[in-house]
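Here the sequence shown stands for residues 24 to 381, numbered as in this note's numbering.
For each residue, glycine too, the CB sits at the ideal point set by N, CA and C.
All figures in this text were calculated on a predicted structure; none of them were measured in a lab.
Right, one structure below, let's go through it.
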Amino acid sequence: MTAAALQVTGLTVEFPTRRGTLTALSDVTLDIQPGEILGVVGESGAGKSMTGMAVLGLLEPPGRVTSGEIRIDGQRTDRLSEAEMAKVRGRIVGAIFQDPLTSLNPLFSVGRQLEETIRLHSDLDRKGARARAVALMKQVGIPGAEERLDHYPHQFSGGMRQRVVIALALAGEPRLVIADEPTTALDVSIQAQITALLRRLCKEKGAGVMLVTHDMGVIAETADRVAVMYAGRVVEIGTVAEVLTRPRHPYTRGLMGSIPALGARVKRLQQIDGAMPRLNAIPQGCAFNPRCPDAGPRCRRERPPLIQAEGAAQVQPAEMRRFEPANPIPAESPPRDGSGGETRPGLAACWLMTGDVA
């Protein structure tokens, strides 16, 4: 059986301070299969990038993994030393960061940087590494690849620099790629090219991708599944079609309700009141309960578990009660009460598991 490209189970990351311990990630569980792209979305401060940094073993001190485990291509990596993790980065897991200019060394040509990366993770000699670098440049769509190997980062446009960074990430033929906001600094037309390129190359090479972004449009176009994070926790995860068209968690519904629909009747966009809680002020129970329109007493007492929902989605329900989506969706089957009308997407996730549908 093929190992998952990434398996994160119960991951908790803490930062000890003089005023107490701050929990940045709490019980994060997700997986990525070979050739699959998992989008990770949420507001700033939700823990998206922190999850990626934990997987890469690049947490800033004094941050540390205090519980849970991380497996990349079947190998447990959260217990590796820095020297051991350095051998994993590039060869087993690659990274694409938000700003390509700061990801590249301005003092060396892109060819030298590619060749060094290739030689570090393979047995190729200098000539073989050069040929491999040319092939990678062509694969990522850079014209005149042989000549441009001798160019420096500042001689490339933003979109072309990001293509070089993708080539660097794939140079060691990793099983997993962490892409942290890879298109944020690019204009819309270049964003589409980069996301299409990333999807094509990773499908061809069978690499799993963790795509961190705040852009639901990028997720819809690129990802196979999506995980929604809030306050360091995964609150909903499932297929893109399931989560984007039938969101179950109130936070996911709020995110989707804040996106204008082209061609639809103009109406006031939904907003999520309040702000993401600070790490030193995470509410008891469900972290979203102070902002949730459906919150009840149970939300303030208990943190709901991540459960398996219909349609291969998982959800952490905010409160075990019905809730209406921003845009009601016709049921695929009659509701359990026999009325024959529409059913609420949250019903299956939040009520059927308890048997209480009242």
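Please report the Cβ distance between residue i and residue j, rounded to the nearest whole angstrom; I am assuming they are in contact, meaning their Cβ atoms lie under 8 angstroms.
i: residue 327; j: residue 309; result: 6 angstroms
i: residue 260; j: residue 53; result: 6 angstroms
i: residue 225; j: residue 97; result: Not really, about 18 angstroms apart at Cβ, beyond 8 angstroms.
i: residue 251; j: residue 241; result: That pair is no contact at about 14 angstroms.
i: residue 69; j: residue 36; result: Contact flag wrong, Cβ pair sits at about 13 angstroms.
i: residue 88; j: residue 101; result: 5 angstroms
i: residue 295; j: residue 277; result: 4 angstroms
i: residue 55; j: residue 239; result: Between residue 239 and residue 55 the Cβ distance is about 19 angstroms, and since that is not below 8 angstroms, they are no contact.
Between which residues of its own chain and residue i is the CB-CB distance below 7 angstroms, once the five residues before and five after are set aside?
i: residue 381; result: Confidence at residue 381 is low in this model, with a pLDDT of 35, below 50, so the placement of that residue should be treated as unreliable; the coordinate-derived value is given next. The answer is none, since no qualifying residue turns up.
i: residue 85; result: 38, 39
i: residue 243; result: 263, 267
i: residue 184; result: 123, 124, 127, 176
i: residue 74; result: 48, 51, 63
i: residue 141; result: 147, 152, 155, 156, 194
i: residue 143; result: 113
i: residue 160; result: 168, 171, 172, 190
i: residue 174; result: 132, 133
In terms of alpha-carbon separation, which member of the options lies closest to residue i?
i: residue 275; options: 253, 149, 296; result: 253
i: residue 79; options: 64, 58, 120; result: 120
i: residue 116; options: 256, 301, 28; result: 28
i: residue 227; options: 35, 50, 60; result: 60
i: residue 34; options: 99, 41, 26; result: 99
i: residue 114; options: 239, 220, 238, 198; result: 198
i: residue 204; options: 66, 25, 55, 58; result: 66
i: residue 182; options: 165, 196, 101, 137; result: 165
i: residue 201; options: 41, 95, 284; result: 95
i: residue 90; options: 301, 232, 31; result: 31
i: residue 41; options: 303, 312, 322; result: 303
i: residue 162; options: 220, 321, 283; result: 220
i: residue 217; options: 230, 231, 245, 237; result: 245
i: residue 235; options: 223, 83, 249; result: 249
Are any of the Cβ atoms in chain C nearer than 7 angstroms to that of residue i?
i: residue 157; result: Absent from the structure is chain C; it holds one protein chain and no more.
Leaving out five residues on either side along the sequence, give the residues of the same chain with a beta carbon under 6 angstroms from the beta carbon of residue i.
i: residue 279; result: 270
i: residue 360; result: A caution first: residue 360 carries a pLDDT of 37, below 50, which makes its placement in the model unreliable, though a value can still be read off. Taken in chain order, the list of residues that qualify is empty.
Here's the rule: buried if 16 or more other CB atoms are within 10 angstroms of the residue's CB, otherwise exposed. What is residue i?
i: residue 307; result: exposed
i: residue 297; result: exposed
i: residue 71; result: buried
i: residue 292; result: exposed
i: residue 247; result: buried
i: residue 265; result: buried
i: residue 256; result: buried
i: residue 273; result: buried
If you drop the 5 nearest sequence neighbours on each side, which residues of the same chain put their C-beta closer than 8 angstroms to that of residue i?
i: residue 283; result: 292
i: residue 105; result: 80
How about residue i: is its Cβ closer than 6 angstroms to a heavy atom in the ligand GTP?
i: residue 154; result: With respect to small molecules bound, the structure shown includes none, and the ligand GTP cannot be examined in it.
- prompt: With contact counted as at least three CB pairs below 8 angstroms, one residue from each stretch, are the region 36 to 53 and the region 203 to 211 in contact?
  reply: Flag = no, the region 36 to 53 and the region 203 to 211 do not touch.
field: At least 3 beta-carbon pairs within less than 8 angstroms: the region 130 to 150 vs the region 188 to 205
entry: Enough Cβ pairs lie closer than 8 angstroms, so yes.
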